[in-house]
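Each remark here refers to the structure printed beneath this line.
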Amino acid sequence: MHDAFQKRPAEAEEGSQAAPSTAASHGDEARGLRVLRLIEHLASASQPLTLSQLAARMQVPKASMMRLLDTLEQHGYVLRTPVGRGYVPGAASTNLALATLRNNALIRVSRSILGSLVAATGETCNLAIPEGNAIVYVDRVETQEPLRLHLVLGTRAPMHCTASGKLFLAHMTLLERRELLAMLTLQARTPKSITDPALLEREIVRIARLGIGIDDEEFVHGMVAVAVPICAADGRIVAAVACHAPVARKSVEQLLQHVPQLKEAAVKLRPLLLAENS
């Protein structure tokens, strides 16, 4: 009995050591889930979210949310809008999404849909998403024609001079668009690039009316493109399907004839993308 009595403190001591370890483990898990939830909120939002909005949605004190946002911003997972009104996903979040897509069976379905689109149009087709103040090509199938533009997956491109980019701008409110354009340098990539803010706004209004993005040799000299949106149920644009070709082979008018096929592909891709963003 004496020996048994002597062992009890040791057993209690072991228990007391395990408790902090378990608590720390649960704490790390909670923090990790909080980070993922924050990025998910930003990725699914139709506009930048403010500190107050994020704190309210996640039921976290503002001070704690600010520390988390500062850490994620330092590592590139979130990006603060120029006037400090809100946050959007950063490049690191997009890279993480791309890595997930590359290792996901869904990318095979996406590749098949784009492949069929290339067969129907005869030209390179891609899938792009908005990321901060740019677009990112997340999937792409190239034409077999010798004259073509080669871009690797993950390539970032400007919004103001690409068909998909202008489509993303057209789906923003005027305030959102002005805030985003304040982050941009409207650099001329070709002689046809629109670098005047007033002219660009006029072009965006035209794109919004058409519901189709158009790049008339504005991104790469000698290349034209058209794009159609992929939207969530609430109307928020989540991606764009685009087709581009050299002017030596097709004009913008000829590419526009393929809009019905682009829209069909967008309908097929929509559930895949919404599943990825759910």
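Residue -11 is where the sequence shown starts when you use my numbering, and the numbers rise one by one after that.
Ideal Cβ positions, reconstructed from N, Cα and C, are used throughout, including at glycine.
Just so you know, the alpha carbons of Ala186 and Ile202 end up roughly 18 Å apart. For Thr178, the CB contacts under 8 Å within the same chain, skipping 5 residues up- and downstream, are Cys149, Glu205, Glu206, Phe207, Val208, His209 in chain order.
By the beta-carbon neighbour count (other beta carbons within 10 angstroms, threshold 16), Arg128 is buried. Within the same chain, Cβ atoms closer than 7 Å to the Cβ of Arg68 are found at Glu61, Tyr75, the five residues on either side in sequence being excluded. Distance from the CA of Arg166 to the CA of Leu188, rounded to the nearest whole angstrom, comes to 11 Å.
8 Å or more divides the Cβ of Pro77 from the Cβ of Ile123. The three-state reading of DSSP puts Val212 in strand, counting E and B together. In the same chain as Thr131, and ignoring 5 residues on each side of it, the C-beta atoms closer than 7 Å to its own belong to Val106, Gly110, Glu111, Thr112, in chain order.
In terms of CA proximity to Leu243, Ile200 leads the group Leu168, Leu162, Ile200. For Ile225, the secondary structure class from DSSP, reduced to helix, strand or coil, is strand.
Going by beta carbons, Leu57 and Val66 fall inside the 8 Å limit. Going by DSSP, Ile123 is part of the beta strand (DSSP E) stretching over 122 to 129.
Shortest Cα-Cα distance from Cys219 to any of Lys154, Gln175, Pro259 involves Pro259. Sequence-distant Cβ neighbours of Arg73 in its own chain, meaning closer than 8 Å and more than five residues away, are Pro36, Thr38, Glu167.
Here the segment 153 to 165 lies against the segment 222 to 234, with 3 or more beta-carbon pairs under 8 Å apart. Within the segment 142 to 218, the runs of alpha helix (DSSP H) that reach at least 4 residues and sit entirely inside it are, in chain order, 151 to 158, 162 to 169, 185 to 198.
By the 16-neighbour rule on beta-carbons within 10 angstroms, His159 is buried. Following the DSSP letters along the chain, one finds Ala43 inside the alpha helix (DSSP H) bounded by residues 39 to 46. DSSP, read as helix, strand or coil, puts His232 in strand. The C-alpha of Ala108 is placed about 44 Å away from the C-alpha of Gly20. By the 16-neighbour rule on beta-carbons within 10 angstroms, Ala230 is buried.
Exposure of Pro134 is indicated by the presence of fewer than 16 other C-beta atoms within 10 angstroms of its C-beta. In this chain, the beta strand (DSSP E) harbouring Thr112 covers 112 to 119.
By the Cβ-count criterion, His246 is buried, with 16 or more other Cβ atoms from all chains shown falling within 10 Å of its own Cβ.
For Val76, the enclosing beta strand (DSSP E) begins and ends at 75 to 77.
In its chain, beyond the 5 residues on either side, no residue has a beta carbon closer than 6 Å to the beta carbon of Leu169. Non-local beta-carbon contacts of Glu191 in its own chain, meaning distances under 8 Å to residues more than five positions away in sequence, involve Lys154, Ile182 in chain order. DSSP lists Tyr75 as the bridge partner or partners of Arg68.
Across the set Ile117, Arg96, Ala33, the C-alpha of Ile117 shows the shortest separation from the C-alpha of Pro146.
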